[in-house]
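*Asks:* Can you read through this structure? Questions will come right after.
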Amino acid sequence: MSLLEVIAVSKSYSLDAPAVRDVSLGIEDGEILCLLGPSGCGKTTLLRMIAGLERPDQGRIMFEGRDMGKVPPHERGFGMMFQDFALFPHKSVRENVAFGLRMQHMATPELDRRVVAMLELVDLARLGERQVAEISGGEQQRVALARALAPGPRLLMLDEPLGALDRALRERLMLDARAILKRVGMTAIYVTHDQTEAFAVGDRLAVMNRGQIIQVGKPLMLYQQPATPFVAKFLGFQNLVNGFVDEDGSIVTPVGHFRLRESEPTPGKTVTLLIKPDIEAISENSQAVPQPENTIDGTLDAVIFRGRYLQVWVSVQGYRLLFEEYGDFPFQPGDSIRLTVSSSQLLLYESLPQ
Ligand code: ADP
Ligand code: MG
């Protein structure tokens, strides 16, 4: 049994589509689960139900085997940290971290020890007497984390904690946040709409869309096998093309004909094909040769230098496809090129009914 179990939970605010629909999820002791999904998909609503701030219409939330249905928020012993983490700007860093402990009426010597330990944990011991208004955004974020951890929550929920910060700062702080949570062995649910952040922070990811969990798994598993075109797109894959299955099992699409390595798709089926961005070979397009399977003939749109690799944009029949090239690249925008992709780079989805 998992430490936290969300069992078939649903919630509607109105007669509209439910904000959270039949969500089930288990979280293990010491695990960081990232909840990933677009704005409005129900992430905050799910957290609020786990916290006890919102009551599910259906389903149950169990913690350590106990039904939380009748347990009020302050008795659950869970911590929350939001994007707008509402520190007291004119109080010291130390006082901000002590806030939750004072609410618990912790005795002074123990409180002092605890605050020092938390400031050391987030590497802010030297700034304890500073006012929050006088430290950087990144430091404020660590103060907020220290404040959330200080009362020793049994589960910490972080709702887009880095949402307000700029990209470069987020890249660093997401790693800091993970390291700090791991150092204290915290069980955490970390909400984000950014797949880079989810991959960097989570032991496991749960991808949500329209109130439902679409796929749960380790980052590598999701990356290798996104369960639906939505998940693939949300994880950053660009090349999704529509097509159908030929009598001999080849996938016919506007960008070329493809053959999968192992699966034998049903002839006549309408499908969506994911073409992952690795290229097996690239050559000038000589129209003379009939186009073989697993090749794409297109026009090179743009080549973007990304340091260790090149991003290659190719136009084909109204699609703009994106590939990554790690080797030499002797082509210019406007060139006609033929790309060969390995069958291991293809994933097929049978089109879902609307
Ligand atoms: P997310 O955190 O993923 O952006 P939310 O859980 O905040 O999503 O919202 C899910 C859906 O529920 C959205 O359609 C949102 O408009 C709606 N919603 C959220 N909170 C309320 C509320 N208090 N009253 C009515 N509708 C709400
Ligand atoms: Mg939200």
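As numbered in this note's numbering, residues 6 to 359 make up the sequence shown, in order. Ideal Cβ placement from N, Cα and C applies to all residues, glycine included.
Quick check: LYS274 and GLU355, are their CB atoms within less than 7 Å of each other?
*Replies:* Yes, the Cβ-Cβ distance between LYS274 and GLU355 is below 7 Å.
*Asks:* Tell me the residue span of the alpha helix (DSSP H) that contains VAL28.
*Replies:* Looking at the DSSP string, VAL28 is not in any alpha helix (DSSP H); the run it does join, the beta strand (DSSP E), is 25-32.
*Asks:* Rounded to the nearest angstrom, how far is the Cβ of LEU344 from that of ILE284, given a contact under 8 Å?
*Replies:* Confirmed, about 5 Å.
*Asks:* For TYR364, which beta-bridge partners are listed by DSSP?
*Replies:* Summary: the structure shown does not reach residue 364, with the chain confined to residues 6 through 359, and so no result is reported for it.
*Asks:* Going by beta carbon distance, what residues of the same chain come within less than 7 Å of LYS48, once the five residues before and after it are set aside?
*Replies:* Excluding residues within five positions, the ones whose Cβ falls inside 7 Å are LEU40, GLY42, VAL196, MET213.
*Asks:* Which one of GLY35, PRO23, ALA56, LEU30 has the shortest CA to CA distance from GLY45?
*Replies:* Cα-wise, what sits closest to GLY45 is PRO23.
*Asks:* Does the ligand MG have even one heavy atom less than 6 Å from the beta-carbon of LYS48?
*Replies:* Under cutoff, so the answer is yes.
*Asks:* Could you compute how far the alpha carbon of PHE68 sits from the alpha carbon of PHE328?
*Replies:* If I take the Cα positions, the gap works out to 45 Å.
*Asks:* For the alpha helix (DSSP H) that ALA232 lies in, which residues bound it at each end?
*Replies:* Per DSSP, ALA232 belongs to no alpha helix (DSSP H) and is neither H nor E.
*Asks:* Can you find the residues in the same chain that come closer than 7 Å, C-beta to C-beta, to GLY105, ignoring five residues on each side of it along the sequence?
*Replies:* Excluding residues within five positions, the ones whose Cβ falls inside 7 Å are ARG152, ALA155, PRO156.
*Asks:* What would DSSP say about GLN337, mapped onto helix, strand or coil?
*Replies:* The answer is coil: DSSP assigns GLN337 none of H, G, I, E or B.
*Asks:* Would GLN146 be called buried (16 or more neighbouring beta carbons within 10 Å of its own) or exposed?
*Replies:* It is buried - the Cβ of GLN146 has at least 16 other Cβ atoms within 10 Å.
*Asks:* Who are the near neighbours of SER347 in its chain, counting only those whose CB is closer than 6 Å to its CB and skipping five residues on each side?
*Replies:* The answer, listed in chain order, is GLU285.
*Asks:* So GLU144 packs on LEU129, CB below 8 Å; how close in whole Å?
*Replies:* Indeed they touch by this definition, with Cβ atoms about 6 Å apart.
*Asks:* Suppose contacts are defined by Cβ-Cβ distances below 7 Å. Is LEU163 in contact with ARG175 by that definition?
*Replies:* No, the pair does not count as a contact, with Cβ atoms beyond the cut-off.
*Asks:* Is TYR18 near the ligand ADP, going by C-beta to nearest heavy atom under 6 Å?
*Replies:* Under cutoff, so the answer is yes.
*Asks:* Compute the Euclidean distance between the alpha carbons of LEU132 and GLU202, then round it to the nearest angstrom.
*Replies:* Each residue's Cα considered, the two are about 27 Å apart.
*Asks:* Between which two residues does the beta strand (DSSP E) holding ALA307 run?
*Replies:* Taken as a continuous stretch (DSSP letters only), the beta strand (DSSP E) holding ALA307 covers 300-310.
*Asks:* With a 10 Å radius around its C-beta and 16 neighbouring C-beta atoms as the bar for buried, classify GLU36 as buried or exposed.
*Replies:* With 16 or more Cβ atoms within 10 Å of its Cβ, GLU36 is classed as buried.
*Asks:* On the criterion of 16 or more Cβ atoms from any shown chain inside 10 Å, does ALA91 qualify as buried, or is it exposed?
*Replies:* It is exposed - the Cβ of ALA91 has fewer than 16 other Cβ atoms within 10 Å.
*Asks:* Under 6 Å Cβ to Cβ from TYR5, same chain only, skipping five residues before and after it: list those, please.
*Replies:* No answer is possible for residue 5: the residues shown for the chain start at 6 and end at 359.
*Asks:* Mind reading off the beta-carbon distance from GLY57 to MET73? Whole number of angstroms is fine, and I expect it under 8 Å.
*Replies:* At roughly 7 Å, the Cβ-Cβ gap stays under 8 Å, so GLY57 and MET73 are in contact.
*Asks:* Is it the case that the CB of GLY45 approaches a heavy atom of the ligand ADP more closely than 6 Å?
*Replies:* GLY45 Cβ: within cutoff of the ligand ADP.
*Asks:* Using the Cα positions of GLN359 and VAL127, report the straight-line distance between them to the nearest angstrom.
*Replies:* Bear in mind that a pLDDT of 40 at GLN359, under 50, signals an unreliable position, so the model cannot answer this.
*Asks:* Between the C-alpha atoms of ALA112 and LYS96, what's the straight-line distance to the nearest angstrom?
*Replies:* So the two alpha carbons sit approximately 20 Å from each other.
*Asks:* Whose CA, out of VAL276, GLN63, LEU353, ALA205, lies closest to the CA of LEU178?
*Replies:* Of VAL276, GLN63, LEU353, ALA205, the residue nearest in Cα terms is ALA205.
*Asks:* Would you give the residue range spanned by the alpha helix (DSSP H) that LEU40 belongs to?
*Replies:* No alpha helix (DSSP H) contains LEU40, which is instead part of the beta strand (DSSP E) from 37-41.
*Asks:* Work out the CA separation of ASP251 and GLU267 for me, nearest whole Å.
*Replies:* Their Cα atoms are separated by approximately 16 Å.
*Asks:* With which residues is GLY248 paired in a DSSP beta bridge?
*Replies:* Paired residue(s): VAL276.
*Asks:* Alpha carbon to alpha carbon, how far is GLU289 from LEU265? Give it in angstroms, no decimals.
*Replies:* So the two alpha carbons sit approximately 24 Å from each other.
*Asks:* What is the rounded straight-line gap between the Cα of ILE280 and the Cα of GLY142?
*Replies:* Rounded to whole angstroms, ILE280 to GLY142 spans 40 Å at the Cα level.
*Asks:* Could you tell me if the beta carbon of ALA169 falls within a distance shorter than 6 Å of some heavy atom in the ligand ADP?
*Replies:* Incorrect: ALA169 has no Cβ contact closer than 6 Å to the ligand ADP.
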